[in-house]
Amino acid sequence: MPSSESTLLKKLQSVDLINQIIIAITITVLTLAAAHTLNIKIDIATALLLSIIASVSACGASGVAGGSLLLIPLACSLFGIDNDIAMQVVAIGFIIGVIQDSAATALNSSTDVVFSAAASHHVIKGGNKMKQTAIWSIAILLGIGIGHAQDKAPSDIHGAAKQQKRAELIWTKVLCKEPGRYIGWPTVCLRKNGELLAVFSGDRDGHICPWGKVQLVRSTDMGETWSPPVTICNTILDDRDAGIMELPDGTLLVTWFTSTAYLQQICEGKKIKPDSPQFFWRLHDEKIRDLVKPEDLGAFTTRSTDGGKTWEKAVMTKGSTPHGPILLKDGRLLYVGRFYRDNDCVISVEESRDSGKSWQKISEIKPLPGEKKLKMYHEPHAVETTDGRIVALIRYHGTGYPMLQSESSDGGKSWTVMEKSPMAGLPPHLIRLRNGKIINVYGRRFDAFGEYACISDDQGRTWDVANEIKLAGHFSGDLGYPASTELPDGSILTIYYQAEKKGEKTSLMGTKWRVK
2 MPSSESTLLK KLQSVDLINQ IIIAITITVL TLAAAHTLNI KIDIATALLL
52 SIIASVSACG ASGVAGGSLL LIPLACSLFG IDNDIAMQVV AIGFIIGVIQ
102 DSAATALNSS TDVVFSAAAS HHVIKGGNKM KQTAIWSIAI LLGIGIGHAQ
152 DKAPSDIHGA AKQQKRAELI WTKVLCKEPG RYIGWPTVCL RKNGELLAVF
202 SGDRDGHICP WGKVQLVRST DMGETWSPPV TICNTILDDR DAGIMELPDG
252 TLLVTWFTST AYLQQICEGK KIKPDSPQFF WRLHDEKIRD LVKPEDLGAF
302 TTRSTDGGKT WEKAVMTKGS TPHGPILLKD GRLLYVGRFY RDNDCVISVE
352 ESRDSGKSWQ KISEIKPLPG EKKLKMYHEP HAVETTDGRI VALIRYHGTG
402 YPMLQSESSD GGKSWTVMEK SPMAGLPPHL IRLRNGKIIN VYGRRFDAFG
452 EYACISDDQG RTWDVANEIK LAGHFSGDLG YPASTELPDG SILTIYYQAE
502 KKGEKTSLMG TKWRVK
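Add 1 to the 1-based position in the sequence shown for the working numbering, that's all there is to it.
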C-alpha cells in the first residue's frame, strides 16, 4: 500500500476511535441524566454499572449487532420494571435500531433533543408517567448503541459483500497454507459419506517450477476444518491442475497433467544467479533429462478404491482440463479437455465406459467462427442439465476474455459451434444444483481481481450476469481456478487459490455461500 494511503487509513482509524469514545461518553451522560431527571435514587455502584451498560451499548455489546438488546432486561430491573415491560422495551429498542441504521446521522444528532423533550414532558405531568418515561429513555439510549453497532458490523468478507442480489456469503477463510510454498489450481468434491476432499498442486516455488505435486486435504465437518496435505502424485516433472470426483461405487478419480514450462526460464545461455530457484531447477533438469520419456509428458487419470489410501497406475488421456471429467446420467464419464495439434489448441471430448480405466476420444468442439489466432482456447468444463443437454464453457483469450459456450444434445457426440457467453473470466467450473439451477464459478485476473459466480435459472440457456456474484476480492491477478460443490444443507463451498495477505505465497482458500 502506498505511504499516502497508509497514512490516510491510520487517520480514518483514529477518527473512528474518537467517534466511539464520544458516543460512549454521550450515552453515559444521558443515562445518568435520565436517572437524575426522573428523581431515581441510585448509589455509586449502580451509577457505575449503568455507565458501563451505556458504554457497551454504544458498541453494540462488544461489536455484536443488536447485542445491546440483551442488556435491556438488566437495565429495566435496576429501575424496578418487570420482565413483561422489559420485553416491550426490547421491541422498542429494535425498532429504533432499525430506523437509525437507515438514518444514522440524523438520529445521532437529534436523539439528545428527543430524549430531553420526552423526559421533561413526562416529569411535568409526574406521577404515573414516571415509569413510562424510564422505559422510553432506556429504549432510546440502547437504540443508539444498536444502530451504531449495525453501522460498524462488517458488511463484506474478504473484499466481497456479504449480502448480494443472488447470494449470501457465510464465510471466507484459508483451508490450507504451506508457509513459503505456493499452492495452485484446486478442485473439490463431496463424498457420499459426507467427507469433503480437495486436491491441488502444492509444495511449489511459484506459478512455474518443476516441483509441483498433486496433494489432497480432507474435511469431515463440511469445510470448517481440514487435514494437513498428503501427496498422492509426484512425478519427476511438474504435476499441475488436479481434478477430483467420486464415482457411484465410491471410487475416487483424480486428473492432472505434467509440464516442462519451467525450461523457458533456465534455457541455455540464460544468466541465472547462484542459489536462485532457477539455479536448482537447472540442476534438477540436468539430472532427469535422460530419464524423461515421451509418455511422462501429458495428461493423466488415476483411481483409488480405498478412499485415497492407495492409487492405481495412471492412464493417459488425449486432453486435459483443470477440474477433470463429469459423470453423466447414463453412467459414462465425459471429459471435455484441451490438447495441442499443429501448434494450436483443440477442444476434445473423451468418454470412459469403465469408470476411468480407459478413455476414448469421441468428438471435438468447433472453434469460434472467424478466429484465426493460435492457442485461443483453453481449460473447458461441462455440466449435464436436468433436460439431458450437456453445456460446456471454454476459457477464451480474445478481447475481454469472454467464456465461450457450446452444447450437445446427443451425449457429447456432436456439439454446437462455440459462441461468446456474457460471462468474463477464466477458467469455468460448472455444477448443477439439486433445484436444477446451474452455477458457474471463475476467476478474474483483470479489472476487479477476484473470484466470481454466475447463475443460470434456465438450464444454461441464459446467464444472470446483471446479478453476477463476487465471492472474494484480491490484490493481484495471481488467483482463481475456483471449483464448487453443493453441501447437504443447500449451501455451496467454492474453493480457489490466492494469497491471503500481501507478501505471502498463495494458499488454498474457500468461500461458503448460499444462492438466493
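Here a beta-carbon is modelled for each residue, glycine too, at the ideal position from N, C-alpha and C.
It should be emphasised that the depicted structure is a prediction, and the values quoted were computed from it without experimental measurement.
{"Check": "Inter-residue spacing [alpha-carbon to alpha-carbon] between leucine 375 and glutamate 225", "Outcome": "43 Å"}
{"Check": "Member of Thr463, Pro428, Ala467 whose CA lies at the smallest distance from the CA of glutamate 452", "Outcome": "Pro428"}
{"Check": "Under 7 Å between C-beta atoms of proline 403 and alanine 425", "Outcome": "yes"}
{"Check": "Sequence-distant residues of its chain with Cβ nearer than 6 Å to methionine 223 (five each side left out)", "Outcome": "Leu488"}
{"Check": "Spatial distance of glutamate 408 from alanine 315 (CA atoms)", "Outcome": "30 Å"}
{"Check": "Segment contact flag, the region 287 to 299 with the region 256 to 265, C-beta cutoff 8 Å, min 3 pairs", "Outcome": "yes"}
{"Check": "Alpha-carbon spacing of aspartate 479 relative to isoleucine 289, whole angstroms", "Outcome": "29 Å"}
{"Check": "7 Å Cβ cutoff met for serine 508 and lysine 178", "Outcome": "yes"}
{"Check": "Alanine 62 versus proline 155: straight-line alpha-carbon distance, rounded", "Outcome": "Caution is warranted here: a pLDDT of 44 is assigned to alanine 62, below 50, making its placement in the model unreliable, and the coordinate value is therefore given only provisionally. Cα-Cα distance, rounded: 15 Å."}
{"Check": "Limits of the unbroken beta strand (DSSP E) element including lysine 178", "Outcome": "Element bounds for lysine 178: n/a, residue is neither H nor E."}
{"Check": "CB-CB length for lysine 438 against valine 516, believed under 8 Å", "Outcome": "7 Å"}
{"Check": "Span separating the alpha-carbon of proline 187 from that of proline 381", "Outcome": "15 Å"}
{"Check": "Three-state secondary structure (DSSP) of glutamine 361", "Outcome": "strand"}
{"Check": "Tyrosine 341 and proline 326 closer than 7 Å at C-beta", "Outcome": "no"}
{"Check": "Residues near threonine 306 in its chain [Cβ-Cβ closer than 6 Å; skip 5 each side]", "Outcome": "Thr252"}
{"Check": "Cβ-based burial, histidine 159 [other Cβ within 10 Å; buried from 16]", "Outcome": "buried"}
{"Check": "Span of the alpha helix (DSSP H), counted from its first residue to its last, around phenylalanine 280", "Outcome": "278 to 289"}
{"Check": "Exposure label - proline 483; buried when at least 16 CB within 10 Å", "Outcome": "buried"}
{"Check": "Identity of the residue in Ala46, Leu176, Lys166 nearest threonine 512 by Cα", "Outcome": "Leu176"}
{"Check": "Under the three-state DSSP convention, the category aspartate 297 falls into", "Outcome": "helix"}
{"Check": "Cβ separation of lysine 214 and serine 228, assumed to be a contact under 8 Å, to the nearest whole Å", "Outcome": "At roughly 16 Å, the Cβ-Cβ gap does not stay under 8 Å, so lysine 214 and serine 228 are not in contact."}
{"Check": "Exposure label - leucine 49; buried when at least 16 CB within 10 Å", "Outcome": "exposed"}
{"Check": "Beta strand (DSSP E) segment containing methionine 510, residue limits", "Outcome": "508 to 516"}
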